[in-house]
Ligand SMILES: Nc1ncnc2c1ncn2[C@@H]1O[C@H](COP(=O)(O)OP(=O)(O)O)[C@@H](O)[C@H]1O
Ligand SMILES: [Mg+2]
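Chains as they are written, first to last, in the working numbering: chain G, 1 to 336; chain E, 1 to 241.
Here you go:
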């Protein structure tokens, strides 16, 4: 028996840590410009909170694109559905949300989140079956039909809940802020960061430690081979699509509470940011999406404070800069 | 004559508007290694992909283990007991060696004994067990791709040009492996440009040309008949010997 090519040295196995340093570097660079530590801390936390919500909204989109090459411009519909679910769920639970106790508030918030996720997932299922499935592999049609789906979803929400902006108030114990070294730290932002981190860790665990996760990663790289190994990629895809919709619904609900208002075009408005985030991160990469979300949101907050005039274009500039450095995003997938 | 495990008859395949296979007839008997030879572009890869359902046969039938499979979807064909080692190897480079094999073992965690058997001829896989498959050398990737096909027992293994682009030393290791797979009783349909490999491991041979099988018989007969080799496979073979 020939023991050829056992290799002499272990192949290089570097983790690519440069992208991870980017948000840290951005925060560090922003500090001297902002000056006061308390202001910097407030802006940084606001950025991270927003980043985590964008991450929840965008993570499903990047997987859906990575796995099936599907460009879903209707993803915002799930965000809006989640936002309305906050209102729908909070109305009967008013007694819980108005109690001045965090644990009682969470008793309302957690079921509301689960309801938002379940509903968005169900809407996602219908969306996939009705709109996405007939146009597999046809990008132009995907863009048109999913944009159409978004419009139909928005109009349905208007028809159900009226066209006005609906105010939404945070559960009592989540209002206001905590004092932290002279800086005011909004409680709800802390919660958003915690929820975002939980989502990220769950996704990482699922993608790296479970067979379904391995299948998703393998499918993102080569779906033909996944099928040749005997797995039905379509079934996997609809699962991913629904999970991604659920996360978008969760993000939409968190976002509505953050803005303390609900309206049907919220989802559509977030689509530009979510696309920027998944392009920066590298299409199909959840880790890249996470870092991209943090970068984009931090920049919005720092730029909004320092140079409000460029705040609006700052994300485009960031995207251009990242793509000049890594043309296929921070964590490009090997096969694309 | 042993039982026929796989039989293609009159298989036509179109890719887009190109008519690639023009009525392929081919059998792979149980427990034997059948070589599929032919010049570049003859349609060998297309034949394997058609068997796997990755291209759809536009005409003709494919029988495997007593059932017609030409209408089935790829995952169902794989589950019927066919493993595929594509020309491109198609390892999942973002996954570790272990994870690649975990996915290939549909029935549960890979069997320890079988892994030991595989490590016996592919020690590199044990060594790089937890490394990302993308960091492996070309030869090691080929080993992983073959290991994926044999990590669980399959009735039929389709292998497409495993020695392409590999150094002679690795080719020797692959020949050992192919013989070992054969000894274990597997049925193999092997596409190979390297005539020496074909000679060493093939029991039977089919030669393709322009989307048809133009010759079939015992490998030993073809190996002994240089005129026939020249006529069927062309002079390009000399460079491989
Ligand atoms: N995806 C494709 N699109 C169009 N033509 C193809 C495609 N794949 C293969 N062909 C053509 O089909 C013929 C057979 O190819 P192939 O089966 O790969 O040959 P072989 O594996 O014997 O070298 C060639 O003429 C090739 O150009
Ligand atoms: Mg070929």
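Ideal Cβ placement from N, Cα and C applies to all residues, glycine included.
query: Any heavy atom of ligand 2 nearer than 7 Å to the CB - residues listed; result: 44/E, 45/E, 87/E, 160/E, 161/E and 191/E
query: Status (buried if at least 16 other CB within 10 Å, exposed otherwise) for residue 18/E; result: exposed
query: Beta carbon of residue 133/E nearer than 7 Å to that of residue 100/E; result: yes
query: Length of the line joining the Cα atoms of residue 27/E and residue 228/E; result: 21 Å
query: Contact set between the region 89 to 118 of chain E and chain G, restricted to residues whose Cβ is under 7 Å from the partner; result: 90, 92, 93, 94, 95, 99, 102, 103, 104 and 106
query: CB contact check: residue 225/G to chain E, cutoff 7 Å; result: yes
query: Where residue 142/G falls, given that 16 or more other Cβ within 10 Å makes a residue buried; result: buried
query: Closer than 7 Å to chain G by CB, residue 79/E; result: yes
query: Environment of residue 184/E [buried if 16+ CB atoms lie within 10 Å]; result: exposed
query: Closer than 7 Å to chain G by CB, residue 224/E; result: no
query: Near-chain G residues of the region 57 to 74 of chain E - C-beta to any C-beta below 9 Å; result: 73 and 74
query: Residues from the region 29 to 59 of chain E in contact with chain G, defined by Cβ distance under 7 Å; result: 52 and 54
query: Chain E within 7 Å of residue 230/G, Cβ atoms only; result: yes
query: DSSP three-state assignment for residue 34/E, whether helix, strand or coil; result: strand
query: Proximal chain E residues relative to residue 217/G, where beta-carbon distance stays under 9 Å; result: 92, 94, 95 and 99
query: Contacting residues, own chain, Cβ-Cβ under 6 Å from residue 7/E (five flanking each side not counted); result: 27 and 63
query: Neighbour list for residue 84/E in chain G, Cβ cutoff strictly below 9 Å; result: 225, 228 and 229
query: Top-ranked residue by Cα proximity to residue 199/E, from 214/E, 210/E and 179/E; result: 179/E
query: Under 7 Å between C-beta atoms of residue 290/G and residue 17/G; result: no
query: Within-7 Å CB hit, residue 214/G to chain E; result: yes
query: Rounded straight-line distance, which links the Cα of residue 46/E to that of residue 15/E; result: 9 Å
query: Spatial distance of residue 375/G from residue 288/G (CA atoms); result: Outside the shown range of chain G (1 to 336) lies residue 375/G, about which nothing can therefore be said.
query: As assigned by DSSP and simplified to three states, the class of residue 5/G; result: Because the pLDDT of residue 5/G is 44, which lies under 50, any placement of that residue in the model is unreliable, and the question is left without a value.
query: Cβ pair residue 67/E, residue 229/G closer than 7 Å; result: no
query: Residue span of the beta strand (DSSP E) that contains residue 217/E, given as start and end; result: 212 to 218
query: Cα-Cα separation, residue 213/E to residue 157/E; result: 20 Å
query: Min CB distance residue 105/G to chain E below 7 Å; result: no
query: Selection from 284/G, 102/G, 255/G and 246/G that minimises the alpha carbon distance to residue 297/G; result: 255/G
query: Rounded separation between residue 60/E and residue 78/G - CA only; result: 46 Å
query: Proximity test, residue 234/E beta-carbon vs ligand 1 heavy atom, cut-off 6 Å; result: no
query: Contact under 7 Å by Cβ, residue 64/G with residue 244/G; result: yes
query: Residues near residue 188/E by beta carbon distance below 6 Å, same chain, minus five either side; result: 33 and 157
query: Nearest-angstrom Cα separation, counted from residue 237/G out to residue 61/G; result: 12 Å
query: Exposed unless 16 or more other CB atoms sit within 10 angstroms - verdict on residue 226/E; result: exposed
query: Euclidean distance between Cα positions of residue 53/G and residue 308/G; result: 22 Å
query: CB of residue 48/G within 7 Å of CB of residue 193/G, strictly; result: yes
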